[in-house]
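Residue 365 is where the sequence shown starts when you use this note's numbering, and the numbers rise one by one after that. Here a beta-carbon is modelled for each residue, glycine too, at the ideal position from N, C-alpha and C. One structure is given here, and the rest of the page talks about it.
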Amino acid sequence: MIFAPHTLQVKVTIPMETDEFGRPIPGTGGESWQDVCKCRCDDNSTKEFTSENGEVFRPNYHVVCEKKISLSAGDEVRCMDGENIRGTGKVYMVKNTNYFGYSEIWM
């Protein structure tokens, strides 16, 4: 992709470890953000999706990634513009292209 000024990150949650009695061990586990790829994040409030049960959903952001990605609906992601957060939310839909090698995400 020629114009990809942002970085897509996904939230990774590591569960707490437990001792032999099943009690959580303090100081283990946690959450972190992991880089996925370079992307372009656009504000989007015009696109409208209708689910199978008739629920209407309007995504806040449309993200175009420079490669095929393996995210799925429900993953928590954010787009970074340097050190600033450009957009954040849960993935609603991921579309991977066959020929051009890029992905689109609505969140």
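Beta-bridge analysis with DSSP links P369 to no other residue.
Annotation: Y463 is outside any beta strand (DSSP E) and is labelled neither H nor E by DSSP. For the pair of segments examined, the region 366–383 was found to touch the region 395–402: the number of CB pairs separated by less than 8 Å reaches three. Between E468 and K454, the C-beta spacing is not below 8 Å. Counting only residues of its own chain and dropping the five nearest sequence neighbours on each side, F413 has a CB closer than 8 Å to the CB of V420, F421, R422, P423, Y456, M457 and W470. Sixteen is the threshold: when 16 or more other Cβ atoms of the shown chains lie within 10 Å of the Cβ of G451, as they do, the residue is buried.
When the beta-carbon positions are compared, P379 and G391 stay at least 8 Å from each other. Considering only S415, H426 and N462, the residue with the shortest C-alpha distance to N408 is H426. Around the C-beta of Y463, fewer than 16 other C-beta atoms lie within 10 Å, and the residue is accordingly described as exposed.
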